[in-house]
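Using my numbering, read the sequence shown as starting at 2 and increasing by one per residue.
Following: one structure in structure tokens, then a few remarks.
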Amino acid sequence: MDTRLLKNYIKLVSGDIGCTLIIYDNYRILRNCDNFDDVPEISRWHTNEYCMKIKYTAGLHRRCVALKKHFDEKVSKSKGPCHITCYCGVTEIAVPVILNDSVILTVSASGIVGKISEGMKKILCKRTLLNSDEFDALRRNSLVSDIDTKKVETYLETLACMLQIYLEKNVPKEILKENMLYNSENSGYLKTANNYIDRYFTEDIKVDDVSKACCLSTSHLQHIFIKSTGKGIGDKIRMNRLQYACQLLRTTNRTVKNIAIKSGFKNVDYFTYAFHKEYGITPLKYRKKWM
Numbered sequence: 002m003d004t005r006l007l008k009n010y011i012k013l014v015s016g017d018i019g020c021t022l023i024i025y026d027n028y029r030i031l032r033n034c035d036n037f038d039d040v041p042e043i044s045r046w047h048t049n050e051y052c053m054k055i056k057y058t059a060g061l062h063r064r065c066v067a068l069k070k071h072f073d074e075k076v077s078k079s080k081g082p083c084h085i086t087c088y089c090g091v092t093e094i095a096v097p098v099i100l101n102d103s104v105i106l107t108v109s110a111s112g113i114v115g116k117i118s119e120g121m122k123k124i125l126c127k128r129t130l131l132n133s134d135e136f137d138a139l140r141r142n143s144l145v146s147d148i149d150t151k152k153v154e155t156y157l158e159t160l161a162c163m164l165q166i167y168l169e170k171n172v173p174k175e176i177l178k179e180n181m182l183y184n185s186e187n188s189g190y191l192k193t194a195n196n197y198i199d200r201y202f203t204e205d206i207k208v209d210d211v212s213k214a215c216c217l218s219t220s221h222l223q224h225i226f227i228k229s230t231g232k233g234i235g236d237k238i239r240m241n242r243l244q245y246a247c248q249l250l251r252t253t254n255r256t257v258k259n260i261a262i263k264s265g266f267k268n269v270d271y272f273t274y275a276f277h278k279e280y281g282i283t284p285l286k287y288r289k290k291w292m
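Here you go:
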């Protein structure tokens, strides 16, 4: 299958389903292929305002991670569209891409309004420091409610089929096996490292601190990170800080200096440089876009 045709269809689906399209590339198969660096849908985050608010509230992020693992297990056992609603009332629809009886990729539509109990709503309001009206407004403005589920399922199934054909024709079996084996063998170290970073990124942590938490040498863990994710440990720490800073810029009136410090950056000038390098605009201009 032609790469351009596949990328154009991904773009079409992303623009037409009415919610967030994500292609989970856990084994870095697509990201190691040529010409896929400019496809933002591959392994993107859930970046809607509501999910970001939940994720960066102490303790709640770990529940999101645990639920994602449960979701992955459910998807791997399904042969068609799989629906799941998380504890905070966000629904995701996913279809697995299967090769040789293994789930290689998952295509997903996320950011859909799901049911949430009144009890859980009260808990989340308390944890996120929002009143009931603010909480409802955040959900209403961040999530999609009017969606054609059957249309989304059809799009995802078609995309999954196209990706399967593409992988069969363009990625050698030995490469698939090598990437899957490497990630499986080192998944424990990656999970420990990611959990440590997710918990402490706002503090003054360094790469050495992460490797100590994993009981590995820094060079060994760095190699695992780059091989598995394409980025180093420092990149993961920096991205966590930048994404948290984005949330603070959108939802608070804190100064840029205060946000830089609260996000884990020691120096406001470096924060501004890193922010502009990643997003192409300054923190202040980013804030103005969301006002």
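Yeah, the Cβ is synthetic: ideal placement off N, Cα and C, and Gly gets one too.
Residues of its chain near residue i, where Cβ-Cβ distance is below 7 Å and the 5 sequence neighbours each way are ignored
| i | result |
| --- | --- |
| residue 209 | 219 |
| residue 133 | 126 |
| residue 43 | 24, 26, 31, 32 and 37 |
| residue 215 | 190, 193, 194 and 222 |
Spatial neighbours of residue i in its chain, beta-carbon cut-off 6 Å, leaving aside the 5 residues before and after
| i | result |
| --- | --- |
| residue 76 | 83, 95, 97 and 107 |
| residue 68 | 87 |
Residue i versus residue j: straight-line alpha-carbon distance, rounded
| i | j | result |
| --- | --- | --- |
| residue 252 | residue 288 | 9 Å |
| residue 268 | residue 153 | 44 Å |
| residue 274 | residue 207 | 19 Å |
| residue 240 | residue 119 | 34 Å |
| residue 64 | residue 283 | 32 Å |
| residue 28 | residue 245 | 26 Å |
| residue 78 | residue 259 | 46 Å |
| residue 278 | residue 272 | 10 Å |
| residue 201 | residue 167 | 39 Å |
| residue 261 | residue 163 | 43 Å |
| residue 254 | residue 285 | 11 Å |
| residue 130 | residue 249 | 14 Å |
| residue 117 | residue 140 | 11 Å |
| residue 150 | residue 217 | 45 Å |
| residue 270 | residue 290 | 21 Å |
| residue 4 | residue 165 | 13 Å |
| residue 104 | residue 73 | 10 Å |
| residue 225 | residue 196 | 15 Å |
Residue i versus the options, residue with shortest Cα-Cα distance
| i | options | result |
| --- | --- | --- |
| residue 115 | 282, 51 and 286 | 51 |
| residue 53 | 170, 91 and 280 | 91 |
| residue 56 | 291, 39, 141 and 247 | 247 |
| residue 100 | 135, 170, 67 and 151 | 170 |
| residue 142 | 234, 188 and 49 | 49 |
| residue 113 | 199, 237 and 21 | 21 |
| residue 212 | 5, 270 and 234 | 234 |
| residue 70 | 155, 165 and 188 | 188 |
| residue 155 | 136, 81, 230 and 280 | 81 |
Residues near residue i by beta carbon distance below 8 Å, same chain, minus five either side
| i | result |
| --- | --- |
| residue 40 | 8, 11, 24 and 31 |
| residue 203 | 242, 245, 263, 264 and 265 |
| residue 198 | 206, 211, 234, 237, 238 and 241 |
Cβ of residue i within 9 Å of any chain C Cβ
| i | result |
| --- | --- |
| residue 164 | No chain C appears in the structure shown, which is made up of a single protein chain. |
Q) If you pair each beta-carbon of the segment 119-137 with each one of the segment 18-35, do three or more pairs fall below 8 Å? A) no
**Q.** Meets three-Cβ-pair contact criterion under 8 Å: the segment 90-98 and the segment 107-120
**A.** yes
Q. Are there three or more Cβ pairs, one per stretch, closer than 8 Å when the segment 138-149 is compared with the segment 77-87?
A. no
Q. Can at least three beta-carbon pairs, one atom from the segment 8-26 and one from the segment 156-175, be found at a separation below 8 Å?
A. yes
Q: Would you mind listing the alpha helix (DSSP H) stretches within the segment 94-158 that are 4+ residues and don't spill past its ends, in chain order?
A: 119-129 and 133-143
Q: Please specify which runs of the beta strand (DSSP E), each continuous and at least 3 residues long, are wholly inside the segment 244-277, giving them in chain order.
A: none
Q. What beta strand (DSSP E) runs, 3 residues minimum, are completely inside the segment 195-234?
A. none
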